[in-house]
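Protein chains in written order, with our numbering: chain R, 7 to 523; chain L, 13 to 306.
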Amino acid sequence: MLYFSKLRIIFITLISLLFIIFALSNLFNFDNKILNKKINLGLDLQGGSYLLLEIDNDPVIEQKLQNLTVTIRNFFKEKNVRITNFKLSNQTLSFTSDENSKQTILDEFVSEESELNPYYQRFKSHQLDIVEENNFFKVSFSKQGIINLKTSSQDQALEIVRRRIDEIGTNEPNILKRGNDRILVELPGLDDPMRIKSLLGKTANLTFRFVTNDTEGSFGAEKLEFEDGTEEAIVSKRIILSGENLLDAQPRMDTENNETVVTFSLDRVGAKRFGKATSTGIGKRLAIVLDGKVISAPVIRDTIATGSGQISGGFTFQSATDLALLLRSGALPAPLNIIEERTVGPDLGQDSINAGMIALLIGFILVILYIFVKYKIFGIITNIALILNLFILIGILTIFEATLTLPGIAGIILTVGMAVDANVLIFERIKEELKSEKNNLIAFDSGYTKSRTAILDANITTLLAAIILFFMGSGPIKGFSLTLGIGIFTTLFTVYFIARLLTVLYVSKNKEKEGLI
Amino acid sequence: MIAFNKYYNRFNILSVSLVIVSLLLLTFKGLNFGIDFKGGTLIELRSTDSKINVSSLRDNLSQMNLGDVSVKNFGNETDFLIKFENNENKNVIEEIKKNLDKSFGNSFNFRRVENVGPKVSAELLRSGVIAISVALFLMLVYIWIRFEWQFSLGAIVALFHDVIVTLGLFSLLGLEINLSIIAAVLTIVGYSMNDTVVIFDRVRENLRKYSDIKIFELTNISINETLSRTLITSITTLLALLSIFFFGGEVLKGFSLAMIFGVIFGTYSSIYIANTVLVRLNVSQKTVLREDKN
Numbered sequence: 007m008l009y010f011s012k013l014r015i016i017f018i019t020l021i022s023l024l025f026i027i028f029a030l031s032n033l034f035n036f037d038n039k040i041l042n043k044k045i046n047l048g049l050d051l052q053g054g055s056y057l058l059l060e061i062d063n064d065p066v067i068e069q070k071l072q073n074l075t076v077t078i079r080n081f082f083k084e085k086n087v088r089i090t091n092f093k094l095s096n097q098t099l100s101f102t103s104d105e106n107s108k109q110t111i112l113d114e115f116v117s118e119e120s121e122l123n124p125y126y127q128r129f130k131s132h133q134l135d136i137v138e139e140n141n142f143f144k145v146s147f148s149k150q151g152i153i154n155l156k157t158s159s160q161d162q163a164l165e166i167v168r169r170r171i172d173e174i175g176t177n178e179p180n181i182l183k184r185g186n187d188r189i190l191v192e193l194p195g196l197d198d199p200m201r202i203k204s205l206l207g208k209t210a211n212l213t214f215r216f217v218t219n220d221t222e223g224s225f226g227a228e229k230l231e232f233e234d235g236t237e238e239a240i241v242s243k244r245i246i247l248s249g250e251n252l253l254d255a256q257p258r259m260d261t262e263n264n265e266t267v268v269t270f271s272l273d274r275v276g277a278k279r280f281g282k283a284t285s286t287g288i289g290k291r292l293a294i295v296l297d298g299k300v301i302s303a304p305v306i307r308d309t310i311a312t313g314s315g316q317i318s319g320g321f322t323f324q325s326a327t328d329l330a331l332l333l334r335s336g337a338l339p340a341p342l343n344i345i346e347e348r349t350v351g352p353d354l355g356q357d358s359i360n361a362g363m364i365a366l367l368i369g370f371i372l373v374i375l376y377i378f379v380k381y382k383i384f385g386i387i388t389n390i391a392l393i394l395n396l397f398i399l400i401g402i403l404t405i406f407e408a409t410l411t412l413p414g415i416a417g418i419i420l421t422v423g424m425a426v427d428a429n430v431l432i433f434e435r436i437k438e439e440l441k442s443e444k445n446n447l448i449a450f451d452s453g454y455t456k457s458r459t460a461i462l463d464a465n466i467t468t469l470l471a472a473i474i475l476f477f478m479g480s481g482p483i484k485g486f487s488l489t490l491g492i493g494i495f496t497t498l499f500t501v502y503f504i505a506r507l508l509t510v511l512y513v514s515k516n517k518e519k520e521g522l523i
Numbered sequence: 013m014i015a016f017n018k019y020y021n022r023f024n025i026l027s028v029s030l031v032i033v034s035l036l037l038l039t040f041k042g043l044n045f046g047i048d049f050k051g052g053t054l055i056e057l058r059s060t061d062s063k064i065n066v067s068s069l070r071d072n073l074s075q076m077n078l079g080d081v082s083v084k085n086f087g088n089e090t091d092f093l094i095k096f097e098n099n100e101n102k103n104v105i106e107e108i109k110k111n112l113d114k115s116f117g118n119s120f121n122f123r124r125v126e127n128v129g130p131k132v133s134a135e136l137l138r139s140g141v142i143a144i145s146v147a148l149f150l151m152l153v154y155i156w157i158r159f160e161w162q163f164s165l166g167a168i169v170a171l172f173h174d175v176i177v178t179l180g181l182f183s184l185l186g187l188e189i190n191l192s193i194i195a196a197v198l199t200i201v202g203y204s205m206n207d208t209v210v211i212f213d214r215v216r217e218n219l220r221k222y223s224d225i226k227i228f229e230l231t232n233i234s235i236n237e238t239l240s241r242t243l244i245t246s247i248t249t250l251l252a253l254l255s256i257f258f259f260g261g262e263v264l265k266g267f268s269l270a271m272i273f274g275v276i277f278g279t280y281s282s283i284y285i286a287n288t289v290l291v292r293l294n295v296s297q298k299t300v301l302r303e304d305k306n
């Protein structure tokens with residue numbers, strides 16, 4: 007245990023130097039790709055927002071089944087099969103038919119070539135499940151059908167969320183999928199999370215529809231409230247234009263009425279439809295509906311054939327800017343709910359950094375003093391190893407550009423406290439060996455050898471706890487397990503290479519000296 | 013040499029009572045779950061106006077129909093922590109901000125906002141319980157591979173003792189259980205195990221060495237031989253933890269406190285619980301030698 011080859015000494019020195027350089031690179035700005043690496047600060051240290059969004063897929067499922075009603079009816083009409091009593095409730099579509107048609111319907115739904123009910127070869131499952139009892143059919147999404155639907159709406163939602171956040175222009179947002187119906191958004195250094203939250207919380211489903219004179223509840227019309235809550239209108243369900251037809255939207259000051267408006271331009275299909283609707287509908291009111299609420303319902307005075315127009319609705323400049331942004335980035339496939347939010351202001355982040363650093367410094371000094379008092383010369387050796395341990399730990403975090411959180415700093419401080427354990431185990435063992443063994447070299451050698459299993463055991467148990475935390479924990483806690491876990495390896499390295507090397511150098515010069523430790 | 017074994021019985025009675033009291037507390041008083049596990053909203057405010065105090069803030073917020081609102085100082089006089097159960101209102105933070113700005117004139121800085129929905133909090137609680145269970149299980153497996161079953165039992169009993177008593181103390185003092193406490197408990201599990209294993213390592217070594225010393229005496233020898241290490245490591249770990257507790261800021265207070273309790277219990281239990289299990293199971297040289305043969 008006491009022999010070090012020259013090559014090994016050089017190797018240990020080089021490794022230590024390398025990590026120290028990386029650790030120090032956090033303090034300086036090197037104009038170099040490799041040395042430019044820095045530890046990332048977690049949201050709790052630099053300030054920012056963590057948002058977990060959940061996609062509410064229920065409306066999508068309802069909508070899909072609603073559309074299916076029409077498809078099924080038309081499909082079987084061609085085959086001369088009569089289907090009646092369509093009903094949609096509880097995400098299940100039910101209908102009845104007669105005895106003669108029963109088999110035709112069932113065959114269609116379970117066939118692998120079915121046009122109505124796609125078959126996923128990979129998952130050996132249909133999109134829809136069908137149950138029949140006394141000619142009464144119940145159709146609902148299969149397990150796999152739901153999964154596919156969720157995955158696709160998650161993909162779409164992720165894209166829209168990304169566009170909206172990019173439009174606002176925050177720095178380095180992190181947008182990730184979680185499970186199959188969640189999206190995680192991390193926004194570092196964000197000052198006003200409320201705006202982002204309100205932007206992400208809107209589906210932004212825009213439609214242009216005529217206001218009708220039909221009564222409420224009649225087929226094809228619905229009663230909608232105005233955005234400002236002052237008025238209600240019966241609006242046709244037939245959609246003239248939707249957000250999909252928009253090419254661009256911008257906020258603008260309308261100098262004529264001294265009012266902020268949102269101007270928009272339409273694609274070719276949209277422009278054509280808009281032109282037709284405005285020419286046939288002169289004198290009618292056209293409702294502009296966003297997420298089930300009427301923004302405004304101006305009376306059409308002229309045909310608009312240019313494919314552009316403007317929306318007014320008592321906007322402030324901010325709300326017009328936001329609406330334009332939402333329209334440009336498109337509608338979400340389904341509503342998003344914010345189910346978890348954690349926001350830290352930048353000044354609290356800075357306070358946490360300061361507190362963490364002070365705690366680290368004080369803890370470090372206390373431990374170093376205590377160890378020095380306890381072990382004198384070997385205390386100095388342990389302390390050198392401890393300081394290098396800290397540098398190497400920070401160096402590793404830098405190389406991997408790991409994220410440092412406040413609990414992560416706690417993990418580093420705890421590592422400082424527990425890192426001396428291995429050296430203490432070794433030195434205490436050596437002390438015992440020296441009671442029966444007068445030869446320093448032999449006593450030191452067997453001290454190292456005999457303490458090895460205890461050290462290994464002690465570190466493996468801590469490592470197990472750190473690994474579990476890393477995989478089960480979230481956000482800041484992950485940071486704690488990361489520093490604690492890496493700290494175990496750096497501790498073993500510094501104890502067995504650096505502290506042992508220094509010990510060997512010292513002991514071999516003082517072979518005969520009594521009461522060495 | 014200190015005669016630790018003289019007090020085996022007395023401390024065992026103490027520990028059993030502590031565990032029973034803790035379990036009773038956990039059953040009847042329960043734990044004070046924070047919003048991470050209960051769901052709800054937490055806001056940390058800093059005011060620039062020193063005249064604002066907890067009661068004026070509480071009076072103001074209680075008019076907002078937020079349900080049961082808790083307001084208290086956080087660290088110092090001008091920092092406040094507001095907590096309330098989740099109501100379904102999506103814009104509640106914005107409304108609170110407007111309301112406070114109106115009543116106190118823009119004197120608040122929103123330093124931290126946390127909002128955890130009921131679904132997420134249930135998931136966090138479940139994954140926390142799973143994490144601790146998996147940790148305990150893995151420790152069990154590890155110690156079972158490394159040692160004879162009597163030792164494994166001793167280590168596990170000590171481990172459960174530490175976790176239960178630490179949680180019991182949290183229940184008694186009404187301290188908040190949040191995500192960082194789970195991290196603390198897991199680290200305690202690692203630390204307690206670590207401490208026990210070092211002593212056990214020595215017990216086993218001594219069992220091989222001496223055939224004529226009874227386990228009652230032998231555990232005492234082993235405890236004494238490893239005592240200085242036990243103390244030094246506990247002290248350095250406590251020094252680090254105390255420095256986090258006093259200087260690391262309010263956020264880390266609960267975490268470091270749980271760890272401080274845990275380290276103290278962990279050190280105590282590896283001496284007075286893990287070893288007494290060996291004594292009560294009458295472990296002898298045969299136990300170790302039989303294993304060696306296998």
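Where a beta carbon is used, it is the ideal one built from N, C-alpha and C, also for glycine.
In the DSSP assignment, Ala330(R) falls within the unbroken alpha helix (DSSP H) covering 323-335. One Cα belongs to Leu23(R), the other to Ala505(R), and the distance between them is close to 15 Å. Between the alpha carbons of Asp174(L) and Gly87(L) lies a distance of about 29 Å. None of the residues of the stretch 65-96 of chain L has a beta carbon lying less than 9 Å from any beta carbon of chain R. The C-beta distance from Pro413(R) to Phe323(R) rounds to 42 Å, too long to fall under 8 Å, and the pair is not in contact. Taken in chain order, the members of the stretch 476-488 of chain R whose beta-carbon sits within less than 9 Å of a beta-carbon on chain L are Phe477, Met478, Gly479, Ser480, Gly481, Pro482, Ile483, Phe486, Ser487. A distance below 9 Å separates the beta carbons of Leu99(R) and Thr75(R). Between Gly423(R) and Leu198(L) a beta carbon distance of about 16 Å is seen, past the 8 Å cut, so the two are scored as non-contacting.
Where Lys229(R) is concerned, the enclosing beta strand (DSSP E) starts and stops at 227-231. In summary, the residues of the stretch 103-136 of chain L whose CB is separated from some CB of chain R by less than 9 Å are Asn103, Ile105, Glu106, Lys109, Asn121, Phe122, Arg123, Arg124, Val125, Glu126, Asn127, Val128, Gly129, Pro130, Lys131, Val132, Ser133, Leu136, in the order they occur in the chain. Note: Asn343(R) is bridge-paired with Glu60(R) in the DSSP secondary-structure output. Counting only residues of its own chain and dropping the five nearest sequence neighbours on each side, Ile26(R) has a CB closer than 6 Å to the CB of Phe397. Gly278(L) is the residue among Lys18(L), Gly278(L), Arg220(L), Phe23(L) whose C-alpha sits nearest the C-alpha of Phe172(L). Per the Cβ contact rule, the stretch 25-32 of chain L is not in contact with the stretch 106-122 of chain L (fewer than 3 Cβ pairs under 8 Å).
At least one C-beta of chain R is nearer than 9 Å to the C-beta of Thr199(L). Of the residues Leu185(L), Ile285(L), Tyr19(L), Ala195(L), the one whose Cα lies closest to the Cα of Val209(L) is Ile285(L). With the rule of 3 Cβ pairs closer than 8 Å, the stretch 226-246 of chain L does not count as touching the stretch 491-507 of chain R. Counting only runs of 4 or more residues that sit fully inside the stretch 190-274 of chain R, the alpha helix (DSSP H) segments are 199-206, in chain order. For Tyr154(L), the nearest beta carbon of chain R is closer than 9 Å to its own beta carbon.
Of all residues in the stretch 376-389 of chain R, only Tyr376, Ile377, Lys380 come within less than 8 Å of chain L when Cβ atoms are compared, listed by chain position. Within chain R, the residues Ala464, Thr467, Thr468 have their CB atoms less than 7 Å from the CB of Asn206(L), given in chain order. Thr459(R) reaches chain L at Asp213, counting residues in chain order whose Cβ is nearer than 7 Å. Of the residues Gly289(R), Gly249(R), Thr411(R), the one whose Cα lies closest to the Cα of Gly485(R) is Thr411(R). For Val305(R), no beta strand (DSSP E) encloses it, and the DSSP letter there is neither H nor E. The beta carbons of Leu57(L) and Asp91(L) sit closer together than 9 Å. In this structure, Ala460(R) lies away from Asn429(R), with their beta-carbon atoms at least 9 Å apart.
Burial is judged here by how many other beta carbons sit within 10 angstroms of a residue's own beta carbon; Arg274(R) has fewer than 16 and is exposed. For Met151(L), the chain R residues whose Cβ falls inside 9 Å of its Cβ are Thr467, Leu470, Ala471, in order along the chain.
Along the stretch 324-352 of chain R, the positions whose C-beta sits under 8 Å from a C-beta of chain L are Asn343, Ile344, Ile345, Glu346, Glu347, Arg348, Thr349, Val350, Gly351, read in chain order. Nearest Cα to Val241(R) within the set Gly320(R), Glu105(R), Ala303(R), Gly453(R): Ala303(R).
Annotated three-state conformation of Gln316(R) is strand, per DSSP. Of the residues Ile25(L), Ile168(L), Lys63(L), Leu136(L), the one whose Cα lies closest to the Cα of Leu475(R) is Leu136(L). Nearest C-alpha to Leu296(R) among Thr327(R), Leu230(R), Ser285(R), Leu30(R): Leu230(R). In this structure the stretch 344-359 of chain R touches the stretch 41-52 of chain R; the number of beta carbon pairs closer than 8 Å is three or more.
If you draw a 10 Å sphere on the C-beta of Asp61(L), you find fewer than 16 other C-beta atoms in it, and that means exposed.
About 7 Å separates the CB atoms of Thr421(R) and Thr489(R); that is less than 8 Å, so the two are in contact.
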